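Colleague: Residue numbers (our numbering), protein chains in the order written: chain B, 21 to 129; chain S, -10 to 110.
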Amino acid sequence: QTVVTQEPSLTVSPGGTVTLTCGSSTGGVSRGSFANWFQQKPGQAPRPLIYSTVNRHSWTPSRISGSLLGDKAVLTLSGVQPEDEAEYYCLLYFGDTFVFGPGTKLTVL
Amino acid sequence: EVLLVQSGAEVKMPGESLKISCGASGYRFTSYWIAWVRQVPGKGLEWMGSIYPGDSDTRYSPSFRGRVTISAAKSSSAASLQWSALKASDTAYYYCARMDYTSSWKNVDYLGQGTLVTVSS
């Protein structure tokens, strides 16, 4: 059973920078994991932010970026704003299927 | 404009069957995968499986194989998620999502608004 790992929660101050990570129990995350990142606010559907590790959607602010760091996928939010407070999920590709991480609750305080 | 519009909320009893739908518009339906995602209220997202309407290639997450059926109708540009016998543990929000899937990238870009399925006696 493949397990994807994320920090359960993180706190960041407005204007600060925060890094969220996404790992895999079966080994390192690579470009071939095609990490996707989603933001979800209460009562809303998930909103895609990043696809295939580093690519922003047209609606994704440039202050949000995706990358690889070591053996994990990383989502970086710079110049954090109050509206960034949300749950963030990563999605990794494993052959014929995909697995979501458990989510990171980001608090802006 | 790409739109995925899902069918409305359902309330069912355990053991009943159900089919929910996801209508696609604004793009070529047969050229993108449609995936289904489950979210139990207050919990995280779970990938259920996906279908390529172009050739009906269907792939299930091991956790959901045999428990649901994913299908697509090219004539109506709609994908469906079906249960033959619901359980209380199927109570959740279900989202459909469009995915562009190639050897070079995997891009989940649009999601439906979600369908709440409540299973209760």
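The C-beta atom is built at its ideal place from N, Cα and C for all residues, glycine as well.
All figures in this text were calculated on a predicted structure; none of them were measured in a lab.
1) Short of 8 angstroms in beta carbon distance, which residues of its chain neighbour S:G38, apart from the five on each side in sequence? Order them along the chain.
2) CB B:L112 to CB B:V119, shorter than 8 angstroms?
3) For S:Y84, which residues from the same chain have a beta carbon less than 6 angstroms from its beta carbon, with the 5 sequence-adjacent residues on both sides left out?
4) Could you have a look at B:E103 and say whether DSSP puts it in helix, strand or coil?
5) B:A93 touches chain S at which residues, Cβ-Cβ below 8 angstroms?
6) Is the stretch -4 to 13 of chain S close to the stretch 75 to 84 of chain S, with three or more CB pairs under 8 angstroms?
7) Examine the Cβ distances between the stretch 80 to 89 of chain B and the stretch 31 to 45 of chain S and report whether three or more of them are shorter than 8 angstroms.
8) In three-state DSSP terms, what is S:A(-2)?
9) Can you name, in chain order, every residue of its own chain whose Cβ lies under 6 angstroms from the Cβ of S:Y41, other than the five neighbours on each side?
10) Kindly list, in the order they appear in chain S, the residues whose Cβ is closer than 8 angstroms to that of B:A65.
11) Between which two residues does the beta strand (DSSP E) harbouring S:A36 extend?
12) Output needed in chain order: residues of the stretch 97 to 108 of chain B with a Cβ under 7 angstroms from some Cβ in chain D.
13) Using 10 angstroms around the beta-carbon of B:V64, count the other beta-carbons present and answer buried if the total reaches 16, otherwise exposed.
14) Can you name the start and end residues of the beta strand (DSSP E) that S:T104 belongs to?
15) With a cut-off of 8 angstroms, does the C-beta of B:G47 fall near any C-beta of chain S?
16) In terms of alpha-carbon separation, which member of B:Q60, B:G47 and B:W79 lies closest to B:G123?
17) Using C-beta distances below 6 angstroms, list every residue in its chain close to B:E27, excluding the 5 sequence neighbours before and after it, in chain order.
18) Is S:P3 near S:L75, with beta carbons less than 8 angstroms apart?
19) Would a C-beta distance cut-off of 8 angstroms place B:C42 and B:V24 closer than the cut-off?
Modeller: The short version:
1) Position 49 of the second sequence, counted from the start, is the residue given in the question as residue 38 of chain S. Hits under 8 angstroms: A24, W25, T47, R48, Y49, S50, F53, R54, V57 and I59.
2) Reading the first sequence from its first residue, position 92 is the one you call residue 112 of chain B. Reading the first sequence from its first residue, position 99 is the one you call residue 119 of chain B. Result yes, Cβ atoms of B:L112 and B:V119 sit closer than 8 angstroms.
3) Within the second sequence, the letter at position 95 stands for residue 84 of chain S. V26, L100, G101 and G103.
4) Translated into positions along the first sequence, residue 103 of chain B becomes position 83. Looking at B:E103 - three-state DSSP - the assignment turns out to be helix.
5) Within the first sequence, the letter at position 73 stands for residue 93 of chain B. Within 8 angstroms Cβ-Cβ: nothing; B:A93 doesn't reach chain S, min ~12 angstroms.
6) yes
7) no
8) Within the second sequence, numbered from 1, the residue matching residue -2 of chain S stands at position 9. Three-state result, S:A(-2): coil.
9) Taking the first residue of the second sequence as 1, we reach residue 41 of chain S at position 52. Hits under 6 angstroms: W22.
10) Reading the first sequence from its first residue, position 45 is the one you call residue 65 of chain B. Going along chain S in sequence order, the residues near B:A65 (Cβ under 8 angstroms) are Y84, L100, G101, Q102 and G103.
11) Translated into the one-based positions of the second sequence, residue 36 of chain S becomes position 47. Checking the displayed sequence, the identity of residue 36 of chain S turns out to be Trp instead of Ala. L34 to Y41 is the extent of the beta strand (DSSP E) around S:W36.
12) Checking the listed chains, one finds no chain D in this structure; the protein chains it contains are B and S.
13) Here residue 64 of chain B corresponds to residue number 44 of the first sequence, with the count starting at 1. Here residue 64 of chain B is Gln; the residue named in the question, Val, does not match the sequence. Exposed.
14) Your numbering for residue 104 of chain S matches position 115 in the second sequence. Residues T104 to V108.
15) Working through the first sequence from its first residue, we reach residue 47 of chain B at position 27. Chain S, which has no Cβ nearer than 8 angstroms to the Cβ of B:G47, makes this no.
16) One-based indexing of the first sequence puts residue 123 of chain B at position 103. Measuring from the Cα of B:G123, the nearest candidate turns out to be B:Q60.
17) Taking the first residue of the first sequence as position 1, residue 27 of chain B is located at position 7. Contacts found: T124.
18) For the purposes of this step, residue 3 of chain S is taken as the residue at position 14 of the second sequence. For the purposes of this step, residue 75 of chain S is taken as the residue at position 86 of the second sequence. Cβ atoms of S:P3 and S:L75: closer than 8 angstroms.
19) Taking the first sequence and counting its residues from 1, the one referred to as residue 42 of chain B is at position 22. Taking the first sequence and counting its residues from 1, the one referred to as residue 24 of chain B is at position 4. Cβ atoms of B:C42 and B:V24: closer than 8 angstroms.
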